[in-house]
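J.:
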Amino acid sequence: MKQEYSHIKVEFPKSEGGNIEGNYAVISLNRPDKLNAITLKTLREIVNALESMELNSNIRCVVLRGTKNYTKKPSFSTGADLSNPFEPGIKPNIPIHMSYAITLLHNCFDQMEKFPKPLICAVDGFALGGGCELSLVCDMVIASKRST
């Protein structure tokens, strides 16, 4: 059964015949209109995809990257989506709510850090705030010259 995601795209290298070829997967942050800004849903989708890849013995490593909006500057991720960063009901002006929200985010980062297969981050463009933190939970970061 193929999992559907709204904030990420999961790809496997395929041959011309359409057969899966290679032993890696690519997870792309798929919010180019928002410069791949991160929400809790984005992180949960990444964790969910990694959990399914952990069980797949054919996948030996995973590449995490951003998708591009060619009308804007390149961006791996500009960090938290401040227009919609938390779950419904969490108010950013209440300290206990913010503490809870940060705990949720860091639980996702902790799960990514514990992924047992190599997780490679391919950064092209901005990696700001939470986007930088996301790259740092990976085992290796490969960045283009125009990355900041």
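According to the working numbering, the sequence shown is numbered sequentially starting from 1.
Think of the CB as a built atom: it goes at the ideal place given N, C-alpha and C, for glycine as much as any other residue.
Run through the DSSP bridge pairs and tell me what A11 is partnered with.
T.: Reading the sequence as shown, one finds Glu at residue 11 and not Ala. E11 is bridged to V26.
J.: Check for me: the beta strand (DSSP E) holding I20 runs from which residue to which?
T.: I20 -> no beta strand (DSSP E), and no H or E assigned at all.
J.: For the region 69-119, which segments carrying the beta strand (DSSP E) assignment without a break, of at least 3 residues, lie completely within its bounds, in sequence order?
T.: With a minimum length of 3 residues, the continuous beta strand (DSSP E) runs that stay inside the region 69-119 are 75-77.
J.: From what residue to what residue does the alpha helix (DSSP H) around I47 run?
T.: Note on identity: in this sequence residue 47 is Val, with Ile being the wrong assignment. Run containing V47: 40-54, per the alpha helix (DSSP H) assignment.
J.: If you count every other CB in all the chains shown that lies within 10 Å of the CB of N148, and 16 or more means buried, which is it?
T.: The identity of residue 148 in the sequence shown is Thr, whereas the question assumes Asn. T148 comes out exposed.
J.: Does the pairing of the region 67-77 with the region 95-109 give three or more beta-carbon distances under 8 Å?
T.: Judged by Cβ distances under 8 Å, the region 67-77 makes no contact with the region 95-109, as fewer than three pairs qualify.
J.: Compare the beta carbon distance of V10 and A49 with 8 Å and say whether it is the shorter of the two.
T.: Contact: yes.
J.: Would you tell me roughly how many angstroms separate the C-alpha atoms of E45 and C132, rounded to the nearest one?
T.: Their backbone Cα atoms lie some 18 Å apart in a straight line.
J.: Of the residues K14, P92, A25, which one's Cα is nearest the Cα of C121?
T.: Measuring from the Cα of C121, the nearest candidate turns out to be A25.
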